[in-house]
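Number of protein chains: 2
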Amino acid sequence: MTICLPFLFFRLISMITNAQVKTITALKEKKFRERSGLFVVEGRKMTQELIKSDYEIEQIFACKEWIEDNKILVASLNKIANLVVEVADRELSRISSLSTADRVICIVKQRKTNEVEWQTNEKKLVLALDDINNPGNLGTIIRMALWFGVKDIVCSKDTVDCYNPKTLQSTMGAIFHVNISYTDLTEFLFKNQKRNIYGTVLLNGKNIYKQQLQNDGIIVIGSESHGISDKVKRFVNNPITIPCFAPSNEVESLNASVACGIILSEFRRTIF
Amino acid sequence: MTICLPFLFFRLISMITNAQVKTITALKEKKFRERSGLFVVEGRKMTQELIKSDYEIEQIFACKEWIEDNKILVASLNKIANLVVEVADRELSRISSLSTADRVICIVKQRKTNEVEWQTNEKKLVLALDDINNPGNLGTIIRMALWFGVKDIVCSKDTVDCYNPKTLQSTMGAIFHVNISYTDLTEFLFKNQKRNIYGTVLLNGKNIYKQQLQNDGIIVIGSESHGISDKVKRFVNNPITIPCFAPSNEVESLNASVACGIILSEFRRTIF
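Protein chains in written order, with the numbering used here: chain A, 2 to 273; chain B, 2 to 273.
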């Protein structure tokens with residue numbers, strides 16, 4: 002974890018001013034997150050993962066219980082920059098976007114990640130997300146990517162913001178341990194068109210269970226409602242499909258994050 | 002589709018009374034759904050799947066566009082029991098639980114399913130859900146069960162109601178094509194203890210990718226926060242685990258519905 006000087010908030014206050022409430026609440030919106038380069042992390046579990054990561058924390062607002070449970074940590078944080086501010090429970094509720102505030106709320110600097118590049122001879126799997134617009138789905142995909150050891154995620158510009166509060170909660174903290182970049186997906190795929198580019202398609206996809214899947218390349222995941230867009234689909238040189246058991250008139254598609262989980266599992270199963 | 006006489010609502014009205022609004026709104030709550038034996042289905046896609054199924058419809062409230070798009074269907078429904086009532090858009094919004102009402106809302110009879118029984122020599126997979134309490138997760142699991150041809154789902158009594166509005170929406174209509182029962186899960190497993198009972202456990206589970214999985218038995222899925230409960234776990238005679246690629250301090254678990262998808266895929270992959 003890198004610590005930088007907080008510039009947005011006064012230190013060691015126990016009351017949160019209306020202006021601060023307004024600032025923090027505004028961070029629920031993408032526009033304001035982009036403008037400030039900040040985002041909000043809520044709750045004990047998420048904060049625990051945040052602290053293990055190399056994200057920069059601007060400020061931590063916490064209730065007495067959290068501060069007492071994390072005495073050594075708080076002392077070391079405050080030694081450097083008075084990062085932790087104790088606030089009353091009702092103050093925490095004012096800035097929380099959860100139905101019940103979970104003891105601690107952090108203001109954190111977004112981490113810009115460069116687009117994925119391969120080192121010489123490096124073999125790795127990269128996830129490319131094509132306009133995933135459901136915040137919960139994106140969060141679940143990030144969580145699962147980490148589970149299967151996929152650390153690089155490239156998102157199209159219309160994919161939902163990974164610092165969206167719902168997305169963050171669904172990652173269960175996994176977001177702090179993967180690299181996420183937003184870019185023009187067609188340009189990224191064009192640059193990497195000589196690699197294996199896998200993608201699920203409805204027509205002419207090969208049965209995923211019968212393929213020799215290479216753990217080196219890019220897996221494109223499309224949105225649940227529209228699948229992979231046409232402009233992205235033309236770069237998919239390994240079209241795959243997850244076969245369906247149900248009569249075709251009974252079920253149309255799998256949830257995007259579930260499909261992604263099945264695909265990642267299928268890539269990794271021979272390695273274990 | 003079986004059609005029965007509507008008893009709750011007047012027929013061919015174009016205004017919805019306050020009492021009706023109250024009744025329909027109350028169906029958002031489990032207590033009232035249980036008491037009335039009814040539930041609400043919203044939107045075009047869900048209604049389309051409902052009509053293909055053998056669920057009994059009590060009443061359909063629809064706007065002009067939906068009725069015009071489904072002329073033949075409406076004529077045949079109204080011939081028997083004046084099932085379809087045309088209402089104005091603003092009327093539909095009054096009873097909808099969606100942010101934007103999607104043209105049609107149906108009042109439907111719940112379908113009680115008997116506990117799963119095996120016919121002589123029948124080989125099948127059954128899902129047993131142990132206290133799945135997230136409505137969205139339950140819906141996704143139902144949708145995916147259908148995809149993988151698992152038609153029987155046995156839920157513990159503390160599993161969230163499958164007619165919960167959020168669950169219904171997440172099933173994307175798959176709910177109308179599977180059999181769901183709620184029962185004492187330990188009793189059900191006790192009765193079937195000679196079958197293969199699979200379940201994911203954190204300790205001593207065998208690597209799922211290295212098992213000979215039998216497509217005949219019961220797969221127990223535990224809740225995301227608590228896993229499989231101890232009282233259910235003692236019936237699991239085939240403990241399995243999905244191996245994790247990430248360092249153990251970075252990720253703790255997979256989303257319950259994603260884990261379920263990976264397990265079902267692993268059972269079915271050799272069949273395709």
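Heads up, the beta-carbon is just placed ideally off N, CA and C, and yes, glycines get one too.
No experiment lies behind these values; they were computed from the predicted model shown.
Outcome for residue i when other beta-carbon atoms lying within 10 angstroms are tallied against a minimum of 16
i                      : result
residue 88 of chain B  : buried
residue 173 of chain B : buried
residue 166 of chain B : buried
residue 269 of chain A : buried
residue 42 of chain B  : buried
residue 16 of chain A  : exposed
residue 1 of chain A   : Chain A is shown from 2 up to 273; residue 1 of chain A falls before or after that span and cannot be answered.
residue 119 of chain A : exposed
residue 235 of chain B : exposed
residue 135 of chain B : buried
residue 104 of chain A : buried
residue 188 of chain A : exposed
residue 92 of chain B  : buried
residue 213 of chain B : exposed
residue 263 of chain B : buried
residue 158 of chain B : exposed
residue 18 of chain A  : exposed
residue 96 of chain A  : buried
residue 247 of chain B : buried
residue 275 of chain A : It is not possible to answer for residue 275 of chain A, since the shown part of chain A is limited to 2 through 273.
residue 265 of chain A : buried
residue 144 of chain A : buried
residue 6 of chain B   : The predicted position of residue 6 of chain B is uncertain, since its pLDDT is 44 and thus under 50; no value can be drawn from it.
Rounded distance between the beta-carbons of residue j and residue i, thought under 8 angstroms
i                      : j                      : result
residue 179 of chain A : residue 142 of chain A : Residue 179 of chain A to residue 142 of chain A, Cβ: 10 angstroms. No contact.
residue 132 of chain B : residue 31 of chain B  : Not confirmed; about 15 angstroms, so no contact.
residue 170 of chain A : residue 140 of chain A : 7 angstroms
residue 250 of chain B : residue 53 of chain A  : 7 angstroms
residue 195 of chain B : residue 241 of chain B : Their Cβ separation, rounded to whole angstroms, is 19 angstroms, which puts residue 195 of chain B and residue 241 of chain B out of contact at 8 angstroms.
residue 258 of chain A : residue 115 of chain A : No, residue 258 of chain A and residue 115 of chain A are not in contact; Cβ-Cβ is about 25 angstroms, not under 8 angstroms.
residue 107 of chain A : residue 51 of chain A  : 6 angstroms
residue 225 of chain A : residue 205 of chain A : Not a contact, Cβ separation roughly 20 angstroms.
residue 109 of chain A : residue 59 of chain A  : 6 angstroms
residue 182 of chain B : residue 117 of chain B : 7 angstroms
Counterpart residues of residue i in DSSP-defined beta bridges
i                      : result
residue 224 of chain A : A:228
residue 201 of chain A : A:241
residue 105 of chain B : B:63
residue 184 of chain B : B:157
residue 40 of chain A  : A:109
residue 207 of chain B : B:241
residue 81 of chain B  : Per DSSP, none; premise fails for residue 81 of chain B.
residue 179 of chain B : Paired residue(s): none; residue 179 of chain B is not in a bridge.
residue 262 of chain A : DSSP output for residue 262 of chain A lists no bridge partner at all.
residue 137 of chain B : Answer by DSSP bridge pairing: none, since residue 137 of chain B is not bridged.
residue 129 of chain B : B:155, B:221
residue 86 of chain A  : A:62
Near the ligand COA: residue i beta-carbon under 7 angstroms from a heavy atom
i                      : result
residue 236 of chain A : The ligand COA is absent from the structure shown, which contains no ligand whatsoever.
Beta-carbon proximity list for residue i, same chain, < 7 angstroms, skipping 5 on both sides
i                      : result
residue 216 of chain B : 124, 126, 268, 272
residue 164 of chain A : 34, 40, 111
residue 85 of chain B  : 61, 63, 68, 75, 78, 79
residue 193 of chain B : 219
residue 66 of chain B  : 104
residue 239 of chain A : 197, 198, 199
Spatial neighbours of residue i in its chain, beta-carbon cut-off 6 angstroms, leaving aside the 5 residues before and after
i                      : result
residue 94 of chain B  : 102
residue 12 of chain A  : Interpretation of residue 12 of chain A is limited by its pLDDT of 41, a score under 50 that renders its predicted location unreliable; the figure taken from the coordinates is listed afterwards. Around residue 12 of chain A: 83.
residue 261 of chain B : 142, 222
residue 147 of chain A : 175, 178, 179
residue 228 of chain A : none
residue 275 of chain A : A question about residue 275 of chain A goes unanswered here, because the residues of chain A that appear run from 2 up to 273.
residue 156 of chain A : 130, 183
residue 90 of chain A  : 64
Same chain only: Cβ atoms within 8 angstroms of residue i, ignoring 5 sequence neighbours per side
i                      : result
residue 232 of chain B : 187
residue 210 of chain B : 244, 267
residue 190 of chain B : 129, 198, 219, 221, 233, 236
residue 45 of chain A  : 67, 103, 104, 105
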